[in-house]
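Numbering (UniProt numbering), first residue to last: 1 to 397.
Quick reminder that beta carbons are idealized off the backbone N, C-alpha and C, glycines included.
Predicted, not measured: the structure shown is a model, and the values here were computed from it.
For reference, the structure discussed in these notes is given below.
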């Protein structure tokens, strides 16, 4: 049996998606990302994308990409900016350019299976109390540990994938949803990352009314239940002592006395030095090349002050007001595109999935910046897959 052009292109697409999804769950795996992008590029002439479905998403991401690239002109260190552009601007642009408008139902299954394998391996990395042999393997694999911040973010991003890839109605669907959510939530619980639960709560608050499955009264009850459940889980992580007085005080301090309040205050002064164009794309530049009086800000010596721990402050510091406006335009544009699919029953699931991905990424980035490394790649791959799914349904109806 000989492979024709379509078969070869399909194989390249599936391997590319699997490579990028799996690699996004771990550190030190840039080869998997670039291999995936290379395969997407290879399949381009064999199975060109449908331009009419590619163009809207490209129009959303292009302005921010152009402003970030233009910052090479005024960057305080063009070499560092170029390095960040290669890692954080070029890959999303290529994902949109090469993957948008190329839909296959089975690509969602490939992404899900790859995510399942990656989550299982991540669970192994964080599972305590393993036998000695497995503990040795666990130690060897620590090199690829993404850290609790990145891992909790990609776990959250993977959660909405179940909406599009779940089997047809029946016992298999119930089993799949239970397995998928349990695996993700348990692994996230092991990370003890509280922002996971905060972002999950906001995502559920968005999903409940948008899903169209509940009456107004049911929505109210569900929202109250979500708030209570998420709170109880967030204060009972492996690194907490449960619902005790001192733990409740610690939880309160997390929001009222966290060092990030001081970091944000410090970073406002950093931004004020170059408020129009910023320091050039790359969060390291604003940290290393500012002239803020460190003596007035003791937090300047804190290890977390290497960046602003807020995606909007980081973007503003890097590419100034034009970059921040372009980034907001990108977010608003993507949201508007997916909101257009809420009106049709056939496209509601994929539209809600896209909006959930956007919500998760924004909420998780309010206290950190995960628009980089694995979370960045997984976000755009899943966003484009949801986009393709929505427009395929539109075309069919």
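Three-state secondary structure assigned by DSSP to residue i
{"i": "residue 19", "result": "helix"}
{"i": "residue 312", "result": "helix"}
{"i": "residue 265", "result": "helix"}
{"i": "residue 386", "result": "helix"}
{"i": "residue 119", "result": "helix"}
{"i": "residue 4", "result": "coil"}
{"i": "residue 207", "result": "helix"}
{"i": "residue 303", "result": "helix"}
{"i": "residue 95", "result": "helix"}
{"i": "residue 76", "result": "coil"}
{"i": "residue 131", "result": "coil"}
{"i": "residue 370", "result": "coil"}
{"i": "residue 290", "result": "coil"}
{"i": "residue 342", "result": "coil"}
{"i": "residue 391", "result": "helix"}
{"i": "residue 298", "result": "helix"}
{"i": "residue 365", "result": "coil"}
{"i": "residue 14", "result": "helix"}
Pairwise C-alpha distance: residue j and residue i
{"i": "residue 384", "j": "residue 154", "result": "16 Å"}
{"i": "residue 193", "j": "residue 126", "result": "13 Å"}
{"i": "residue 390", "j": "residue 378", "result": "18 Å"}
{"i": "residue 4", "j": "residue 14", "result": "16 Å"}
{"i": "residue 331", "j": "residue 21", "result": "22 Å"}
{"i": "residue 180", "j": "residue 112", "result": "9 Å"}
{"i": "residue 149", "j": "residue 309", "result": "12 Å"}
{"i": "residue 91", "j": "residue 98", "result": "10 Å"}
{"i": "residue 225", "j": "residue 168", "result": "28 Å"}
{"i": "residue 103", "j": "residue 362", "result": "26 Å"}
Cβ pair residue i, residue j closer than 8 Å
{"i": "residue 60", "j": "residue 354", "result": "no"}
{"i": "residue 72", "j": "residue 62", "result": "no"}
{"i": "residue 371", "j": "residue 88", "result": "yes"}
{"i": "residue 318", "j": "residue 279", "result": "yes"}
{"i": "residue 156", "j": "residue 199", "result": "yes"}
{"i": "residue 195", "j": "residue 364", "result": "yes"}
{"i": "residue 56", "j": "residue 396", "result": "no"}
{"i": "residue 304", "j": "residue 259", "result": "yes"}
{"i": "residue 110", "j": "residue 18", "result": "yes"}
Cβ shell of residue i (< 7 Å), same chain only, five flanking positions each side left out
{"i": "residue 42", "result": "12"}
{"i": "residue 212", "result": "348"}
Own chain partners of residue i with C-beta closer than 6 Å, once the 5 adjacent residues on each side are dropped
{"i": "residue 394", "result": "347"}
{"i": "residue 1", "result": "Reliability fails at residue 1, whose pLDDT of 47 lies under 50, so the model's placement of it is uncertain and no value is given."}
Residue i: CB within 7 Å of a non-hydrogen atom of the ligand FAD
{"i": "residue 33", "result": "Ligands are entirely absent from the displayed structure, and the ligand FAD is therefore not among its contents."}
May I have a chain-ordered list of the alpha helix (DSSP H) segments no shorter than 4 residues that lie completely inside the region 134-182?
Every alpha helix (DSSP H) of 4 residues or more that sits fully in the region 134-182 is shown, in chain order, as 147-158 and 161-165.
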